[in-house]
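Colleague: To start, I am sharing the structure in question, which I have written as structure tokens.
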Amino acid sequence: MGTPTPSTQQLFGIPANANQESDDADPLIDDSPSISANHPTPGVGLEGVLVTSVIDGDTIEVEGGERVRYIGIDTPETTLGKNDCYGQAAVERNRELVDGQRVRLERDVEPFDKYGRTLAYVTVGKTFVNEVLVAEGFASTLTIPPNVRFADHFAELAAEAREEGRGLWGACEDAPTTSSTPSGSTNRPDYNEAIPQAATTDCPLDRAIKGNAQSMIYHVPGGEFYERTKPEACFATEPEAVTAGYRRSKR
């Protein structure tokens with residue numbers, strides 16, 4: 016008789032009926048990931064569970080039938096009757112990274128969402144999957160406290176991807192903005208809720224400089240990314256933008 020396949024609850028060291036995290040985590044799950052100066056990763060070492068299905072760009076199913084939702088990121092929707100811009104590309108990239116692979120699941124503070132899905136940082140070998148999807152422009156950020164371990168890192172990667180027009184940032188007219196909710200908020204977003212869309216109005220002619228509040232970068236008319244940028248702020252002069260904390264786009 017073969018060895019029974021453990022559930023992700025068991026892998027996380029959490030009873031199946033538990034509503035809060037346990038201190039008895041499985042050795043496969045590293046709660047204290049190593050973080051380098053420039054490239055944080057959620058741990059290296061033993062591999063964990065087999066990915067049996069890729070549900071969408073940020074959700075997988077692993078052996079035992081457990082569903083795992085990636086922490087800190089959000090890809091365009093392709094389920095529930097939706098077919099958002101760049102969604103299928105995100106699914107395919109996720110499939111390339113994890114389908115049929117044994118992955119490590121790293122938890123943060125809150126182990127499950129309200130749908131019972133495991134919330135995790137996912138690695139394949141030394142590849143940090145959550146990170147790759149953001150850096151390559153397949154995902155935007157979705158920060159839901161208390162799971163904020165890599166929130167700043169993901170925000171930096173998303174800003175770079177958006178600045179350079181990678182993935183959905185260059186392909187989609189209404190690319191998403193960052194979503195986050197302060198700790199303690201009673202109106203917390205959910206991992207299935209849509210990300211707020213950037214404003215679709217353009218800046219007036221007398222305040223033509225566009226500010227991107229996510230990256231804190233401003234774009235001047237004639238710049239490479241000016242036309243595709245959906246402004247969250249508009250400025251009349253560059254000194255005004257700089258005073259507001261923005262920096263000029265390099266392109």
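Sequential numbering from 16 applies to the sequence shown in the numbering used here. The beta-carbon is built from N, C-alpha and C at its ideal position, and this holds for glycine as well.
1. How should Gly102 be labelled, buried or exposed, when 16 other C-beta atoms within 10 angstroms of its C-beta is the threshold for buried?
2. Does DSSP put Thr252 in a helix, in a strand, or in coil?
3. Just to confirm my understanding: we take Val139, look at its own chain, exclude 5 residues before and 5 after, and list those with CB closer than 7 Å. What are they?
4. I believe Ile86 touches Tyr136 by the beta-carbon criterion, under 8 Å. Please report the beta-carbon distance rounded to the nearest angstrom.
5. Measuring straight from C-alpha to C-alpha, what distance separates Leu95 and Ala105?
6. Helix, strand or coil for Asp99? Go by DSSP, reduced to three states.
7. Between which residues of its own chain and Asp272 is the CB-CB distance below 6 Å, once the five residues before and five after are set aside?
8. May I ask you to list the residues that DSSP assigns as paired with Asn109?
9. Going by CA-CA distance only, name the one from Val149, Asn227, Glu179 and Ser230 that's closest to Gly72.
10. Rounded to whole angstroms, what is the Cα-Cα separation between Phe240 and Val163?
11. Can you tell me which of the three DSSP states Asp217 falls into?
12. Cα separation between Asp267 and Arg222?
13. By Cβ distance below 8 Å, which residues in the same chain neighbour Arg262 in space, the five residues on each side in sequence not counted?
14. What residue does the beta strand (DSSP E) around Ile137 start on, and which one ends it?
15. DSSP beta-bridge partners for Gly87?
16. Could you check if Arg108 is buried or exposed, using at least 16 other CB atoms within 10 Å of its CB as the buried criterion?
17. Rounded to a whole number of angstroms, what is the C-alpha to C-alpha distance between Pro236 and Ala248?
18. Hey, Arg84 and Leu120 are a contact pair by Cβ (cut 8 Å); roughly how many whole angstroms apart?
19. Considering only residues of the same chain and omitting the five flanking positions on each side of Gly238, which have a CB-CB separation below 7 Å?
20. Going by CA-CA distance only, name the one from Glu151, Ala170 and Val147 that's closest to Thr158.
Modeller: On the basis of the supplied data:
1. On the sequence shown, residue 102 is found 87 positions in, with the first residue counted as 1. Buried, because 16 or more other Cβ atoms sit within 10 Å of the Cβ of Gly102.
2. Residue numbering aside, residue 252 sits at position 237 when the sequence shown is read from its first letter. Note: Thr252 maps to coil in three-state DSSP.
3. Taking the sequence shown and counting its residues from 1, one reaches residue 139 at position 124. Once the five neighbours on either side are set aside, the close Cβ partners of Val139 are Leu112, Val113, Gln116 and Val118.
4. On the sequence shown, position 71 is the one that residue 86 refers to. On the sequence shown, position 121 is the one that residue 136 refers to. So it is a contact: roughly 6 Å between Cβ atoms.
5. Counting from 1 along the sequence shown, the entry for residue 95 is found at position 80. Counting from 1 along the sequence shown, the entry for residue 105 is found at position 90. Roughly 16 Å separates the two Cα atoms.
6. As a working mapping, residue 99 is identified with position 84 in the sequence shown. Correct three-state label for Asp99: coil.
7. Only positions 16 to 266 of the chain appear in this structure, which leaves residue 272 out of reach.
8. Here residue 109 is taken as the residue at index 94 of the sequence shown, counted from 1. None, per the DSSP bridge assignment.
9. As a working mapping, residue 72 is identified with position 57 in the sequence shown. Of the candidates Val149, Asn227, Glu179 and Ser230, the one whose C-alpha sits nearest the C-alpha of Gly72 is Val149.
10. Within the sequence shown, the letter at position 225 stands for residue 240. Within the sequence shown, the letter at position 148 stands for residue 163. Looking at the two C-alpha atoms, the distance is approximately 30 Å.
11. Here the question's residue 217 lines up with position 202 in the sequence shown. Reduced to three states, the DSSP call for Asp217 is coil.
12. Residue 267 is absent from the structure shown; the chain starts at 16 and stops at 266.
13. Residue 262 sits at position 247 when you count from the first residue of the sequence shown. Excluding positions up to five away in sequence, the list reads Met231, Ile232 and Tyr233.
14. Taking the sequence shown and counting its residues from 1, the one referred to as residue 137 is at position 122. Reading the sequence as shown, one finds Val at residue 137 and not Ile. Element bounds for Val137: Thr133 to Val139.
15. As a working mapping, residue 87 is identified with position 72 in the sequence shown. BP columns for Gly87 are empty, so no partner.
16. One-based indexing of the sequence shown puts residue 108 at position 93. Buried, by the Cβ-count rule.
17. Position 221 of the sequence shown, counted from the start, is the residue given in the question as residue 236. Position 233 of the sequence shown, counted from the start, is the residue given in the question as residue 248. Pro236 and Ala248: Cα-Cα distance of roughly 14 Å.
18. As a working note, residue 84 is residue 69 in the sequence shown. As a working note, residue 120 is residue 105 in the sequence shown. With 8 Å as the limit, Arg84 and Leu120 do not qualify as a contact, their Cβ atoms being about 11 Å apart.
19. By 1-based counting over the sequence shown, the position of residue 238 is 223. Ser264 and Arg266, listed in sequence order.
20. Walking along the sequence shown from the start, residue 158 turns up at place 143. The shortest Cα separation from Thr158 among Glu151, Ala170 and Val147 belongs to Ala170.
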